[in-house]
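All letters in the sequence shown, in the order written, are residues 194 to 323 by the working numbering. Every residue, glycine too, gets a C-beta built ideally from N, C-alpha and C. Structure, as C-alpha cells:
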Amino acid sequence: MSEEFKVEIVNPEKSFLSKEDVTEVVVPAFEGEMGILKDHISIISFLKPGIIIIHSKSKQEKFYVEDGIVEFKNNNLSILTSSIFNLNEIEKNKIQDLIKLAEEESNKPEINDQSKYIVDQKIEVLKSLN
C-alpha cells in the first residue's frame, strides 16, 4: 500500500511546487510544528514563520515560509503563502537582509504584541539558518 500523498504550494506569483510522491510534511503551524502523513485527519491551520520540510521518495526539501494557510483533505496538502524561499537556493546576504528588515520592524514603537510575536519568531528562524 502506498504511503504517498500530494502536496501543492502556491504563492501569489505562481504554483511554487507540486509533488505527488510525498511521504511526510512538517509545517510550522501556530499550534506548533505539525507532521502530516498520508491519511491524516482533515485540517486547516495558519502558518507562522518557520521551515517547511517535505520528505518524498526521491529527497528531502526545506523551505522558509513567513505566513500562510495549510489545508489537508483527502490526502491532498495545500499550502497558500505570500512568502516562501527554497533554502537550497537562498543566498546568505538575502537572509541577512530579511533579518535586518525584521529587526527594524520589531523595534518600531507602534508595533502591537501580536505583530511583535510574529516578527520575533521570524528573526529567530532566520538567525537559525545562518
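Is the beta carbon of Leu240 sitting closer than 8 angstroms to the one on Val263?
With a cutoff of 8 angstroms on beta-carbon distance, Leu240 and Val263 are scored as near each other.
Between the Cα of Lys231 and those of Ile237, Asn305 and Phe265, spot the shortest distance and give me the residue it belongs to.
Phe265
Starting from Glu284, follow the alpha helix (DSSP H) in both directions and report where the run begins and ends.
Unbroken run through Glu284: none, as it is neither H nor E.
What residues in its chain sit with their C-beta under 6 angstroms from that of Glu213, if we drop five residues either side in the sequence?
Lys199
Rounded to whole angstroms, what's the CA-CA distance from Phe278 to Phe256? Just pull it up for me.
When only Cα atoms are considered, Phe278 and Phe256 end up about 5 angstroms apart.
Exposed or buried, Pro242, counting other C-beta atoms within 10 Å across all chains shown (16 or more means buried)?
buried
Return the first residue and the last residue of the beta strand (DSSP E) that Ile237 is part of.
Ile236 to Leu240
Alpha carbon to alpha carbon, what distance is there between Val312 and Asn305?
11 angstroms
Cβ atoms of Leu270 and Leu291: under 8 angstroms apart, would you say?
no
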